[in-house]
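Worksheet: the structure to be examined is printed underneath.
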Amino acid sequence: MFFIAQASEETFARLVNGVVDSHDADQLRVRVFGSFWKAELAPTAAHCPVAHGQKVQVLGRKGFSLVIAPA
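The numbering of the sequence shown is the working numbering, which starts it at 18 and goes up by one.
Listed below in structure tokens is the structure:
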């Protein structure tokens, strides 16, 4: 018997700044505190494109991905 864990979500109480490291059709990656993280745009920021080197704010996490919005 196998169980599939649902991705847990968490909104951070304090916003953290990061920088977009790479952005292609199927993956977005940001650098936060010197580490690279897989990321996805927050639903409220889905209409705002992000580019390499752009500053972003980390709003929370969803599973192993950070939820971000343009700064």
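Built from N, CA and C at the ideal position, the CB exists for glycine as well. Treat the numbers as computed from the prediction; the structure is a model and nothing was measured.
Notebook entry, point to check: Nearest CA to the CA of G80: which residue from A42, K55, C65, S39?
Noted result: Residue K55 is the option with its Cα nearest to G80.
Margin query: If you reduce the DSSP assignment to three classes, tell me which class A62 lands in.
Written below: helix
Next item on the list: Let me know if V36 comes out buried or exposed under the rule of 16 or more other beta-carbons within 10 Å of its beta-carbon.
Entry: With fewer than 16 other Cβ atoms within 10 Å, it is exposed.
Checklist line | Every unbroken beta strand (DSSP E) within the segment 34–59, with a cutoff of 3 residues, ordered by chain | finding: You should have 45–49, 52–58.
Notebook entry, point to check: Between which two residues does the beta strand (DSSP E) carrying G77 extend?
Noted result: 72–79
Next item on the list: Tell me whether S82 sits in a helix, a strand or coil according to DSSP, three-state version.
Entry: strand
Notebook entry, point to check: Would you call L32 buried or exposed, if buried means 16 or more other Cβ atoms sit within 10 Å of its Cβ?
Noted result: exposed
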